[in-house]
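Notes follow the structure.
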Amino acid sequence: KTNSPKRSHSYHHQAIDKLAPGLIISGRAPDQTIEAVEHETKNWIVGVQWHPEDDADVEPDQQNLFNGFVHAIAG
365 KTNSPKRSHS YHHQAIDKLA PGLIISGRAP DQTIEAVEHE TKNWIVGVQW HPEDDADVEP
425 DQQNLFNGFV HAIAG
């Protein structure tokens, strides 16, 4: 799995209410708002409710999302 970052920027007014079939929750905000989801069996079907690019240059966990994606598609 992606090992979602431990922190996200939760300043939005929309959030996931019901998960689509096959998705699992992989990250929550302190208020339990769903912040990240992944497919339970497929590799690298990932959705996040923040912009990891905002802090990727200073927060390694954010950059790791991009690194993991590139690694997955590079094969």
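Heads up, the sequence shown is in the working numbering, so the first residue is 365 and it goes up one at a time. Backbone N, C-alpha and C define an ideal beta-carbon position, used for all residues, glycine too.
(1) Could you pull out every unbroken beta strand (DSSP E) segment of at least 3 residues lying fully inside the stretch 374 to 398, listed in chain order?
(2) Would you say W408 and F430 are within 8 Å of each other, going by their C-beta atoms?
(3) Could you check the C-alpha separation between D395 and A420 for me, to the nearest Å?
(4) Quick check: what's the CA-CA separation for V401 versus H435?
(5) Under 6 Å Cβ to Cβ from P416, same chain only, skipping five residues before and after it: list those, please.
In brief:
(1) Correct list: 387 to 392.
(2) Taking 8 Å as the Cβ cut-off, W408 and F430 do not qualify as a contacting pair.
(3) 23 Å
(4) 19 Å
(5) Q426, L429
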